[in-house]
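One structure below.
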Amino acid sequence: MAHQWRGIIAEYAQRLPLATAGAVTLLEGGTPLLAAPAISTRVGAEVYVKVEGANPTGSFKDRGMTTAITEVVQRGANAVICASTGNTSASAAAYAVRAGLRCIVMLPAGKIALGKLAQAIVHGAELVSVDGNFDDCLRVVREIVERTDTAMVNSVNPYRLQGQKTAAFEIVDALGRAPDIHCLPVGNAGNISAYWMGFNEYAGRMTATSFDHPSTHLPPKTDTVPRMWGFQAAGAAPFVAGEPIANPETVATAIRIGAPASWDYAVAARDDSGGLIDAVSDDEILAAQRLLAAEVGVFVEPASAASVAGLLAKAEAGEVPAGALITCTVTGNGLKDTATALEGADVNPPLVAPETDQIIAQLKLR
Ligand code: F0G
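As structure tokens, then:
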């Protein structure tokens, strides 16, 4: 058999606190780092997108879910639970199937993109629709795991960040060095924290723990770490406000979060890297989503496009260093939320007879 990517636990065994034997995996990770000339030209830098929608359930959450669920199985819990704006629940549901675990997902009512809801349903998760937002759901989940023998698989579970840090490894492995700037969307703030950990470990500034290779000394893979540029939706931007906000609102429902759990880690990532966390408007997010689809060839969900929207805004403001090497994580697949993508689009092209000559003439094909 030709080489097949083995999933992040096997591929990065030396840097993860889990044994590879018994890993619960859908062979996540190994996603494309794709050159984006259309964005490079606009910002005057060398820009790549890390296409996390190419993961098995269509988002970066799979990296953290393989590690979290693997650890839950080893610990012996029989049910997992999460609060979610949709992607965590889709991923938890799929990995729970692989592990034979009960999966309970706590979702803010009416604010989950339909594709994500479909995923939780087809994978047999038990859905609880909460009359509240993500922050309410997360509070309830925290209270449930305190009182019951149910394992939390939100990113406050440290194994989630351990898995998600591997995306930073892949970027450095692909480029042969760390980027100068890394851009990503920020919601509950687990991912920016995980990337920062990953970049630091690869630069030898943090030691990895490994069960399979306890005594391995790992030489640094790079001398530098990037500046971390995080972007929130303007209606859900607690880091920009400097405090949690009560009623987050944005078209990018995945990052409709007012009280991020990984607050301190994210602030450390921003400040220690000399980076920033800024806000982008819903219009900027949707414009970046269209640009990625129409000129890069990658269909992402709205929240994912916040990274690119932010980079474009910074370029507009003259704050992007000329010629810098920049990576942008696009976090989730566009197929998860077709309703938003098709808003205002003509989905009923004129009906024609199955007459080849007429169709060639109509399309003016030569
Ligand atoms: N992009 C997408 C597509 C997401 O689903 C999320 C988070 C983020 C970005 C933000 O990542 O929370 O680590 O800062 N989605 C979570 C969920 C909250 O429930 O699926 P973060």
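With our numbering as the guide, the letters of the sequence shown map in order to residues 2 to 367.
Cβ atoms here follow ideal geometry from the backbone N, Cα and C, with glycine treated the same way.
Just so we're clear, the structure is a prediction, and the values are computed from it rather than from any experiment.
Using a threshold of 7 Å, is the CB atom of Gly-199 nearer than that to any non-hydrogen atom of ligand 1? Residue mapping note: residue 199 aligns to position 198 of the sequence shown, counting from 1. The answer is no for Gly-199.
Given a threshold of 16 other Cβ atoms within 10 Å of its Cβ, counted over all protein chains shown, does Phe-232 qualify as buried or as exposed? Against the sequence shown, residue 232 aligns to sequence position 231. When all chains shown are included, Phe-232 counts as buried.
Below 8 Å on the Cβ atoms is my guess for Thr-21 versus Asp-213; work out the distance and round it to an integer in Å. Position 20 of the sequence shown, counting from 1, holds the residue named residue 21. Position 212 of the sequence shown, counting from 1, holds the residue named residue 213. At roughly 6 Å, the Cβ-Cβ gap stays under 8 Å, so Thr-21 and Asp-213 are in contact.
Separation of Pro-355 from Ile-70, as counted between CA atoms: Taking the first residue of the sequence shown as position 1, residue 70 is located at position 69. Taking the first residue of the sequence shown as position 1, residue 355 is located at position 354. Roughly 51 Å between the two C-alpha positions.
Can you list, in chain order, the residues of its chain with a C-beta nearer than 7 Å to that of Glu-72? Leave out the 5 residues immediately preceding and following it. Here residue 72 refers to the residue found at position 71 when the sequence shown is read from its first residue. Cβ neighbours of Glu-72 beyond the five flanking positions: Leu-19, Tyr-160.
Leaving aside the five residues before and after Ala-95 along the sequence, list all residues of the same chain whose C-beta is less than 6 Å from its C-beta, in chain order. As a working mapping, residue 95 is identified with position 94 in the sequence shown. The residues are Thr-58, His-124.
As assigned by DSSP and simplified to three states, the class of Ile-40: What you label residue 40 is simply residue 39 of the sequence shown in a count that begins at 1. Ile-40 falls in the helix class under three-state DSSP.
Inter-residue Cα distance where the pair is Ala-36 and Val-297: Along the sequence shown, read from residue 1 onward, the residue named residue 36 stands at position 35. Along the sequence shown, read from residue 1 onward, the residue named residue 297 stands at position 296. Computed Cα separation, rounded: 9 Å.
Entirely within the segment 279-306 and at least 4 residues each: give me those alpha helix (DSSP H) ranges in chain order. 283-292
Three-state class that DSSP yields for Arg-7 in the structure shown: Within the sequence shown, residue 7 is the residue found at index 6, counting from 1. Three-state DSSP puts Arg-7 in coil, outside helix and strand.
Below 8 Å between beta carbons: does that hold for Val-281 and Leu-293? Counting from 1 along the sequence shown, the entry for residue 281 is found at position 280. Counting from 1 along the sequence shown, the entry for residue 293 is found at position 292. No, these two residues do not count as a Cβ contact at 8 Å.
Classify Arg-32 as buried or exposed, calling it buried when 16 or more other Cβ atoms lie within 10 Å of its own Cβ. Position 31 of the sequence shown, counted from the first residue, corresponds to residue 32. The residue asked about is misnamed: residue 32 is Thr in this sequence, not Arg. The residue in question, Thr-32, is buried, as its Cβ has 16 or more Cβ neighbours within 10 Å.
Per-residue DSSP class, three states only, for Tyr-203: As a position in the sequence shown, residue 203 is number 202, starting the count at 1. Here Tyr-203 sits in helix by DSSP.
Going by Cα to Cα distance, which pick from Ala-24, Phe-61, Ile-40 is closest to Ala-304? Translated into the one-based positions of the sequence shown, residue 304 becomes position 303. Nearest of Ala-24, Phe-61, Ile-40 to Ala-304, Cα basis: Phe-61.
Under the three-state DSSP convention, the category Val-50 falls into: What you label residue 50 is simply residue 49 of the sequence shown in a count that begins at 1. DSSP places Val-50 in strand when its eight states are reduced to three.
Is the segment 249-266 touching the segment 177-184, taking contact as three or more C-beta pairs under 8 Å? no
First through last residue of the beta strand (DSSP E) which encompasses Ser-130: For this step, residue 130 is matched to residue 129 along the sequence shown. 127-131 is the span of the beta strand (DSSP E), which, as asked, contains Ser-130.
Pairs of beta-carbons, one from the segment 195-211 and one from the segment 246-259, closer than 8 Å: are there three or more? no
I need the DSSP call for Ser-60, collapsed to helix, strand or coil. As a working note, residue 60 is residue 59 in the sequence shown. In the structure shown, Ser-60 sits in a strand (DSSP, three-state: E or B).
Spell out the partners DSSP gives Ala-234 in its beta bridges. On the sequence shown, position 233 is the one that residue 234 refers to. The partner list for Ala-234 (beta bridge, DSSP) reads Val-281.
Arg-143 - DSSP class collapsed to helix/strand/coil: The residue given as residue 143 occupies position 142 in the sequence shown. Arg-143 falls in the helix class under three-state DSSP.
Span separating the alpha-carbon of Ser-85 from that of Gly-345: Within the sequence shown, residue 85 is the residue found at index 84, counting from 1. Within the sequence shown, residue 345 is the residue found at index 344, counting from 1. The straight-line gap from Cα to Cα measures roughly 27 Å.
Closer than 7 Å to a non-hydrogen atom of ligand 1 - does that hold for the CB of Lys-166? As a first step, residue 166 must be located in the sequence shown, where it is residue number 165. Flag unset: Cβ of Lys-166 not near ligand 1.
Given a cut-off of 8 Å on the beta-carbon distance, is the pair Ala-1 and Val-187 in contact? Within the shown structure, residues of the chain are numbered from 2 to 367, placing residue 1 beyond reach of any answer.
Comparing the CB of Val-281 with every heavy atom of ligand 1, is any distance shorter than 7 Å? Here the question's residue 281 lines up with position 280 in the sequence shown. Not under cutoff, so the answer is no.
Taking the alpha helix (DSSP H) that Val-1 belongs to, which residues open and close that run? Since the first and last residues shown for the chain are 2 and 367, residue 1 lies out of range.
Which residues does DSSP list as the beta-bridge partners of Leu-326? The count along the sequence shown starts at 1 and reaches residue 326 at position 325. For Leu-326, which the question treats as bridged, DSSP gives the partners Glu-47.
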